[in-house]
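Visitor: Protein chains in written order, with my numbering: chain Z, 6 to 195; chain F, 6 to 195. For every residue, glycine included, the Cβ atom is placed at its ideal position computed from N, Cα and C. If you're wondering where the values come from, they're calculated on a predicted model, not measured in any experiment. Have a look at this one before I ask anything.
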DNA sequence: TTTTAAAGTGAATATATATTCACTTATCTT
DNA sequence: AAGATAAGTGAATATATATTCACTTTAAAA
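If you want it as structure tokens, here you go:
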């Protein structure tokens, strides 16, 4: 028999992301999403039990995807700084290319949609980032401050940078990206 | 005859902030707000034309207040770094003490509630911050990078730090605050 | 090709939420 | 104290939104 189409889920997700980035979580209805995705409202309920499940699934998917992409090409054998920059660039590129996800995740953080379970699973995916900072600290390259604080500082700054870049319409060229990296590195370096 | 009570507006604002921080903008209803404020739903409409106006007014009030507090005690005659740290501390303290506003502002940024006009007026209040960074650059103390970028970096990092602090339940003691300042300063300094 | 079951539909329904309004209460003025 | 006006109320109404379901379409299996 016919099978649920993965591409359709992607399409639903894309539509939801686009709308949330434009109108915020509070401004998006199931009707909006289905219209944007070019499907009937009822079809959303074929794929998801309801709005809550849709939002939670999208949240989880974004998180998994972004973490997975972040460590692409990272080789722990290589020296710390280039490895760190590699990951930093992966994160930045991902956020720039998936601006809508940045906004969506931010909006979700304080919404009643995201369940404790979803939140917890997302948090668990942070482990590799903590490990990275700890390595930098062991090698005396990174400040001996609470790793949670360092990560939050870095990722918070990056998020806001991505937003500013998006709104100002500036395209980050290589030199601009490098000077942005220097801001981060100078902050974190021991 | 009787006058609309300023304290009641404050009470409404406080209730809205508290609820938005807990449930997100999408999860808060006019009924919730009135219940939390201990008044009838109809009373909200004595003070505000509707939900939109309430949210916009709150947004503007938060923004004005935070900017005003930021420059408290700043004396441009004094050297840059202590003046900068003074402002930085003002901002951090404000955000820590008004955590709910941090969340509210973040949630609002991509909501359909905030009008272009409100947004513009908020943006105009940023001028003193830009001027501050420009001064630092003139004195060769701050990196010669786009001031918007520098500010975004700093404020984004601070926001996220405040959130992390809040969730982890850690109280920032003096030494912890200082090391956090060092992260910011090291990032920005020339 | 026919059969079968899942995928897809969208108008109808249920639910949640904003807003109104006829009325009550509080406060100021004379 | 009486009259006048604004503030406050909350049930009733209007509106927006999520969700359902009887039905149609599609595609795999027989």
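Which residues of chain F have a Cβ atom closer than 7 Å to the Cβ of residue 144 of chain Z, listed in chain order?
Guide: For this step, residue 144 of chain Z is matched to residue 139 along the first chain. The premise fails here: residue 144 of chain Z is roughly 18 Å from chain F at the closest Cβ pair, so nothing lies under 7 Å.
Visitor: Would you call residue 51 of chain Z buried or exposed, if buried means 16 or more other Cβ atoms sit within 10 Å of its Cβ?
Guide: In the first chain, counting from the first residue as 1, residue 51 of chain Z sits at position 46. Its Cβ having fewer than 16 others within 10 Å, residue 51 of chain Z is exposed.
Visitor: Could you check which residue in F:183, F:142, F:130, F:110 has the C-alpha nearest to that of residue 72 of chain F?
Guide: Taking the first residue of the second chain as position 1, residue 72 of chain F is located at position 67. The option with the nearest alpha carbon to residue 72 of chain F is F:130.
Visitor: Verify whether the separation of the beta carbon atoms of residue 36 of chain F and residue 46 of chain F is less than 7 Å.
Guide: As a first step, residue 36 of chain F is located in the second chain; it is residue number 31 there, counting from the start. As a first step, residue 46 of chain F is located in the second chain; it is residue number 41 there, counting from the start. Cβ atoms of residue 36 of chain F and residue 46 of chain F: closer than 7 Å.
Visitor: Under the three-state reduction of DSSP, which class applies to residue 147 of chain Z: helix, strand or coil?
Guide: In the first chain, residue 147 of chain Z corresponds to position 142, counting from 1. Note: residue 147 of chain Z maps to strand in three-state DSSP.
Visitor: So, helix, strand or coil for residue 13 of chain Z, using DSSP?
Guide: Counting from 1 along the first chain, the entry for residue 13 of chain Z is found at position 8. Three-state DSSP puts residue 13 of chain Z in a helix.
Visitor: Which chain Z residues sit within Cβ distance under 9 Å of residue 18 of chain F?
Guide: Counted from its first residue, the second chain places residue 18 of chain F at position 13. Within 9 Å Cβ-Cβ: nothing; residue 18 of chain F doesn't reach chain Z, min ~17 Å.
Visitor: Using a Cβ-Cβ cut-off of 7 Å, state whether residue 192 of chain F counts as contacting chain Z.
Guide: Translated into the one-based positions of the second chain, residue 192 of chain F becomes position 187. For residue 192 of chain F, the answer is yes, since a Cβ of chain Z falls inside 7 Å of its Cβ.
Visitor: Please classify residue 132 of chain Z as buried or exposed, where buried requires at least 16 neighbouring CB atoms within 10 angstroms.
Guide: Position 127 of the first chain, counted from the first residue, corresponds to residue 132 of chain Z. It counts as exposed.
Visitor: Look up residue 194 of chain Z in the DSSP assignment and give the residues it is bridged to.
Guide: On the first chain, position 189 is the one that residue 194 of chain Z refers to. Residue 194 of chain Z pairs with Z:147.
Visitor: Mind checking if residue 32 of chain Z is an interface residue toward chain F, Cβ cutoff 7 Å exclusive?
Guide: Sequence index remark: in the first chain, residue 32 of chain Z carries index 27 (1-based). With 7 Å as the cut-off, residue 32 of chain Z counts as an interface residue toward chain F.
Visitor: Does the distance between the C-beta of residue 16 of chain Z and the nearest non-hydrogen atom of the ligand SAM fall short of 6 Å?
Guide: Judged by which ligands are present, the structure shown has none, so any question about the ligand SAM falls away.
Visitor: With a 10 Å radius around its C-beta and 16 neighbouring C-beta atoms as the bar for buried, classify residue 135 of chain Z as buried or exposed.
Guide: One-based indexing of the first chain puts residue 135 of chain Z at position 130. Exposed, because fewer than 16 other Cβ atoms sit within 10 Å of the Cβ of residue 135 of chain Z.
Visitor: Would you kindly work out how many angstroms separate the C-alpha atoms of residue 92 of chain Z and residue 78 of chain Z, rounded to a whole number?
Guide: By 1-based counting over the first chain, the position of residue 92 of chain Z is 87. By 1-based counting over the first chain, the position of residue 78 of chain Z is 73. Whole-angstrom Cα-Cα distance: 8 Å.
Visitor: Is DSSP giving residue 87 of chain Z helix, strand or coil here?
Guide: Within the first chain, numbered from 1, the residue matching residue 87 of chain Z stands at position 82. Note: residue 87 of chain Z maps to helix in three-state DSSP.
Visitor: Which of the three DSSP states is assigned to residue 178 of chain Z in this structure?
Guide: Along the first chain, read from residue 1 onward, the residue named residue 178 of chain Z stands at position 173. DSSP places residue 178 of chain Z in coil when its eight states are reduced to three.
Visitor: Examine chain F for any beta-carbon lying closer than 7 Å to the beta-carbon of residue 116 of chain Z, and answer yes or no.
Guide: Sequence index remark: in the first chain, residue 116 of chain Z carries index 111 (1-based). Output row for residue 116 of chain Z: interface = yes.
Visitor: Grab me the residues of residue 39 of chain F's own chain with a C-beta within less than 7 Å of its C-beta, minus the 5 sequence neighbours each way, in chain order.
Guide: As a working mapping, residue 39 of chain F is identified with position 34 in the second chain. Cβ within range, chain order: 45, 46, 48, 49.
Visitor: Which whole runs of the alpha helix (DSSP H) in the segment 25-104 of chain F are 4 residues long or more, in chain order?
Guide: The segment 25-104 of chain F contains these whole alpha helix (DSSP H) runs: 35-42, 46-52, 56-75, 85-102.
Visitor: Could you check what DSSP says for residue 22 of chain F in three-state terms: helix, strand or coil?
Guide: The residue labelled residue 22 of chain F in the question sits at position 17 within the second chain. Of the three classes helix, strand and coil, the one that applies to residue 22 of chain F here is helix, per DSSP.
Visitor: So is residue 119 of chain Z buried or exposed if we call it buried at 16+ other beta carbons inside 10 Å?
Guide: As a position in the first chain, residue 119 of chain Z is number 114, starting the count at 1. Buried is the call here.
Visitor: Decide if residue 55 of chain Z is buried, meaning its Cβ has at least 16 other Cβ atoms within 10 Å, or exposed.
Guide: As a first step, residue 55 of chain Z must be located in the first chain, where it is residue number 50. With fewer than 16 other Cβ atoms within 10 Å, it is exposed.
Visitor: Would a check of beta-carbon distances place residue 169 of chain Z closer than 7 Å to chain F?
Guide: Residue mapping note: residue 169 of chain Z aligns to position 164 of the first chain, counting from 1. Residue 169 of chain Z counts as touching chain F.
Visitor: Along the chain, where does the alpha helix (DSSP H) that runs through residue 171 of chain F open and close?
Guide: Sequence index remark: in the second chain, residue 171 of chain F carries index 166 (1-based). Where residue 171 of chain F is concerned, the enclosing alpha helix (DSSP H) stretches over 152-173.
Visitor: Under 7 Å between beta-carbons, which chain F residues line up against residue 173 of chain Z? List them in chain order, please.
Guide: Counting from 1 along the first chain, the entry for residue 173 of chain Z is found at position 168. In chain order: 153.
Visitor: Establish whether the CB of residue 141 of chain F and some CB of chain Z are separated by less than 7 Å.
Guide: One-based indexing of the second chain puts residue 141 of chain F at position 136. Not closer than 7 Å to any Cβ of chain Z, the Cβ of residue 141 of chain F fails to qualify, so no.
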